[in-house]
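Asks: Numbering (our numbering), first residue to last: 33 to 362. For glycine and all other residues, C-beta sits at the position ideal for the given N, C-alpha and C. Here you go, one structure.
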Amino acid sequence: MSDTYNAFVVDEIEDQFKSSIKSLPLPELQDGFVLIDVLYSSLNYKDALSASGNKGVTKSYPFTPGIDAVGKIRQSKDNNLKEGDEVIVTGYDLGMNTNGGFGEIIHVPSGWVVPLPNNLSMEEAISFGTAGITAAASVDAVLSKIDAPELPVAVSGATGGVGSIAVGLLSKLGIDVTAITGKENSSQFLKNLGAKNIILRDDFSSEKIRPLDKTKFSAGVDTVGGEILSRIISQVDRHGVITCCGNVNSIKLETTVFPFILRGIALQGIDSAESPISYKKYLWDKIASEWQIGYSKSSIKIIKLNELAPEIDKILNGNQQGRVVVKHGE
Ligand SMILES: NC(=O)c1ccc[n+]([C@@H]2O[C@H](COP(=O)([O-])OP(=O)(O)OC[C@H]3O[C@@H](n4cnc5c(N)ncnc54)[C@H](OP(=O)(O)O)[C@@H]3O)[C@@H](O)[C@H]2O)c1
33 MSDTYNAFVV DEIEDQFKSS IKSLPLPELQ DGFVLIDVLY SSLNYKDALS
83 ASGNKGVTKS YPFTPGIDAV GKIRQSKDNN LKEGDEVIVT GYDLGMNTNG
133 GFGEIIHVPS GWVVPLPNNL SMEEAISFGT AGITAAASVD AVLSKIDAPE
183 LPVAVSGATG GVGSIAVGLL SKLGIDVTAI TGKENSSQFL KNLGAKNIIL
233 RDDFSSEKIR PLDKTKFSAG VDTVGGEILS RIISQVDRHG VITCCGNVNS
283 IKLETTVFPF ILRGIALQGI DSAESPISYK KYLWDKIASE WQIGYSKSSI
333 KIIKLNELAP EIDKILNGNQ QGRVVVKHGE
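Now the structure itself:
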């Protein structure tokens, strides 16, 4: 076994952030930790922030991003996890300030590890990754409030990682989805995922936001924040719920109390990275059983480590569609 591994490393050189593939020494296994041979990682928006020097995500460089990793345990200092176990790690500090899945090896606390569920291949698991469990947590929050939505559920950022999986999951559950997208040529992609209606972001944003607009949705899964979230809030029907997980549109949210006090709607924040490991296991079991959407077949692009840089630029510019999976070792 080699005592080095390859990783996509971001260096900070005179306020510029530059990436390259480097050979790194194996970390030494600590008590309560595992060393994992990462076979797959995937690209999430947060990875692009880390790779481009966002100090709110990653404080110091050189650093290897990658908030998702799926692979096999190489060495373990936890009695419940043994060499060869197939596992998933998403979130917590992975890819933020703990070297992440863009390296062929990760060294993480055993408490971050979810065993790969039966009925889910490693490739299927990584096609979900953090985007998938964020979408699943959002869908779970919608279903916990509304059994059978009478109006469609709105999904914003619909072609993105979280959005596209949310469209697929809700559609799989027989719920009508209205996909809100900025991409004019994405209709077929969104219809293939099951979206019933598609609204272009510019059309959705064309009129003034009213405190209480005509109700068009029973619920909303918002992945972008800003004025898109404000509009969804004003258009959700009585006792509906809107989930909020992202900020690619804006970190700001303007609204009034009226949707809350006159329609009884709920705004549910989603923080998948720091969710308790028991909740992550619950979501992965759902994804491996009744929420299986065969997503990996239609909407993932598989790349090698040395093909990451342009994909990072694409996600930063809001142009990514579906999921990008990194396959190590080829
Ligand atoms: N809270 C959590 O637990 C959690 C977990 C994962 C991700 N996130 C956050 O969720 C967001 C989405 O993550 P992701 O990995 O799915 O990213 P992504 O793949 O880049 O998807 C984001 C999508 O948002 C849309 N979009 C891009 N720029 C926009 C703009 N200026 N205004 C409105 N919409 C825009 C685009 O879809 P369309 O072209 O289809 O509109 C884009 O594909 C990010 O903010 C990420 O940090 C949060």
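State the DSSP-derived secondary structure class of Lys50, mapped to helix, strand or coil.
Replies: strand
Asks: Look at the Cβ atom of Gly252, then the Cβ atom of Lys284, and state whether they are nearer than 7 Å.
Replies: no
Asks: What's the C-alpha gap between Ala211 and Leu58?
Replies: Those two C-alpha atoms are separated by around 44 Å.
Asks: Taking buried to mean at least 16 other C-beta atoms within 10 Å of its own C-beta, is Leu294 buried or exposed?
Replies: exposed
Asks: Just list the alpha helix (DSSP H) runs in the stretch 43 to 120, keeping only unbroken ones of 4 residues or longer that don't cross its boundaries, in chain order.
Replies: 77 to 83
Asks: Classify Val66: buried if its beta carbon has 16 or more other beta carbons within 10 angstroms, exposed otherwise.
Replies: Of the residues assessed, Val66 falls on the buried side of the cut-off, its CB having 16 or more other CB atoms within 10 angstroms.
Asks: In whole angstroms, what separates the C-alpha of Leu348 from that of Lys104?
Replies: 30 Å
Asks: Below 6 Å, is the gap between the Cβ of Ser262 and the nearest heavy atom of ligand 1?
Replies: For Ser262, the shortest separation between its Cβ and any heavy atom of ligand 1 does not lie below 6 Å.
Asks: With Ala186 as the anchor, note down where its beta strand (DSSP E) starts and where it stops.
Replies: Val185 to Ser188
Asks: Assuming the contact rule is C-beta atoms closer than 8 Å, Asn229 and Ile53 should be a hit. Round their C-beta distance to whole Å, please.
Replies: Going by Cβ atoms, the distance from Asn229 to Ile53 rounds to 43 Å, so no, they are not a contact pair.
Asks: Give the range of the beta strand (DSSP E) segment to which Ser250 is assigned.
Replies: It spans Phe249 to Asp254 - the beta strand (DSSP E) in which Ser250 sits, taken as one unbroken run.
Asks: Determine whether the beta carbon atoms of Val273 and Phe249 lie at a separation below 7 Å.
Replies: Not closer than 7 Å, so no.
Asks: Cutting at 8 Å between CB atoms, please list the residues of its own chain near Ile241, excluding the five before and the five after it.
Replies: Glu259, Ser262, Arg263, Ser266 and Glu286
Asks: Between Ile332 and Gly193, what straight-line distance do the alpha-carbon atoms span, to the nearest angstrom?
Replies: 10 Å
Asks: Measure the C-alpha to C-alpha separation of Val289 and Asn112 and round it to an integer number of angstroms.
Replies: 49 Å
Asks: So Thr166 and Ser304 are supposed to be a Cβ contact under 8 Å. How far apart are they, rounded?
Replies: 4 Å
Asks: Kindly indicate which three-state DSSP category Gly193 falls into: helix, strand or coil?
Replies: In the structure shown, Gly193 sits in a helix (DSSP, three-state: H, G or I).
Asks: Cα separation between Val102 and Pro147?
Replies: 10 Å
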